[in-house]
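**Q**
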Ligand code: SF4
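Residue numbers (the numbering used here): 52 to 274.
#1: Is any heavy atom of the ligand SF4 found at a distance shorter than 7 Å from the C-beta of residue 109?
#2: Which residue comes first and which comes last in the beta strand (DSSP E) that contains residue 157?
#3: In angstroms with no decimal places, state the Cα-to-Cα distance between residue 163 and residue 218.
#4: Enumerate in chain order the residues of its own chain whose CB-to-CB distance from residue 55 is below 6 Å, with the five nearest sequence positions on each side excluded.
#5: Starting from residue 86, follow its DSSP beta bridges and name the residues at the other end.
#6: Pick out the complete beta strand (DSSP E) segments inside the region 154-202, 3 residues or longer, and give them in chain order.
#7: Residues in the same chain with beta-carbon distance under 6 Å from residue 186, minus the five sequence neighbours each way, listed in chain order, please.
#8: In the DSSP assignment, find the beta strand (DSSP E) that holds residue 141 and state where it starts and stops.
#9: Between the alpha carbons of residue 71 and residue 86, how many angstroms are there, rounded?
#10: With a threshold of 8 Å on Cβ separation, who are the neighbours of residue 208 within its own chain once the five nearest residues in sequence on each side are excluded?
#11: Residue 232 bridges to which residues according to DSSP?
#12: Using the beta-carbon count (16 or more within 10 Å), is residue 297 buried or exposed?
#13: Closest to residue 210 by C-alpha separation, out of 189, 227, 243 and 197, would be which residue?
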């Protein structure tokens, strides 16, 4: 079977690039041991993407197999990531079953696909793509109405123009009244100290995050 070809019993299966156990590198649980499920495929092509290996290929796995692999790590936290996880319809069922199994579940999503059908127990970590990403037109702003206090919006900042754009978006949508806001400097593009100084100068209600996993393990896969 070709890697991109769905199996017959496709509705309860997902195409998976990797399942692994590591420290969460971003978000409000940064530093916490977490099981990661990386789904294959993404309809976006951000200029800074560091998971291009998840665009194609992968392995079709049934939900029971995925849950069994995750259980083997005995995690408290489980993160479903990609690629863009919501590009696969069965992702919604996977998220629900992970919650039913008692894990604290988060979803990392690009913000380009609807999140309103995601189980409300799931912590949504949703990007708003900046102009520097090359995918700003894909932002689905109606998603902001589906976010709550436990959810997080992430901006990857590539340059000063991105910073100013993100600052305006936060103000326009009053995002800090809705959810947590994360700023990440784009690796190799935006100096982290400079970004920290901008945030302090403007008293922005955001959390600067540095990709902990990259500091610990570089760009190694499965970390
Ligand atoms: S949405 Fe994420 S996985 Fe998709 S291209 Fe952008 S950074 Fe890469």
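All C-beta atoms, glycine included, are put in the ideal place defined by N, C-alpha and C.
**A** Concretely, from the data shown:
#1: Translated into positions along the chain shown, residue 109 becomes position 58. Residue 109: no, Cβ never under 7 Å from the ligand SF4.
#2: As a position in the chain shown, residue 157 is number 106, starting the count at 1. Its beta strand (DSSP E) spans residues 155-160.
#3: Position 112 of the chain shown, counted from the start, is the residue given in the question as residue 163. Position 167 of the chain shown, counted from the start, is the residue given in the question as residue 218. In this model, residue 163 and residue 218 are separated by some 20 Å (Cα to Cα).
#4: Position 4 of the chain shown, counting from 1, holds the residue named residue 55. Only weak support exists for where residue 55 lies, its pLDDT of 45 falling under 50; the value from the coordinates is given anyway. No residues qualify anywhere along the chain.
#5: Sequence index remark: in the chain shown, residue 86 carries index 35 (1-based). Note: residue 86 sits in a beta bridge opposite 72 and 129.
#6: Entirely contained in the region 154-202, the beta strand (DSSP E) runs reaching 3 residues are, in chain order, 155-160 and 174-178.
#7: Residue 186 sits at position 135 when you count from the first residue of the chain shown. Counting only Cβ-Cβ distances below 6 Å, and skipping sequence neighbours, we find 95, 97 and 180.
#8: Translated into the one-based positions of the chain shown, residue 141 becomes position 90. It is not in any beta strand (DSSP E) - residue 141 carries neither H nor E in the DSSP assignment.
#9: Counted from its first residue, the chain shown places residue 71 at position 20. Counted from its first residue, the chain shown places residue 86 at position 35. Using only the alpha carbons, I get a separation of about 6 Å.
#10: Here residue 208 is taken as the residue at index 157 of the chain shown, counted from 1. So the list reads 181, 183, 214, 217, 234, 235, 236, 237, 241 and 246, once near-sequence residues are dropped.
#11: Here residue 232 refers to the residue found at position 181 of the chain shown. According to DSSP, residue 232 bridges with 204.
#12: Absent from the structure is residue 297, since the part of the chain shown begins at 52 and ends at 274.
#13: As a working mapping, residue 210 is identified with position 159 in the chain shown. Of the candidates 189, 227, 243 and 197, the one whose C-alpha sits nearest the C-alpha of residue 210 is 243.
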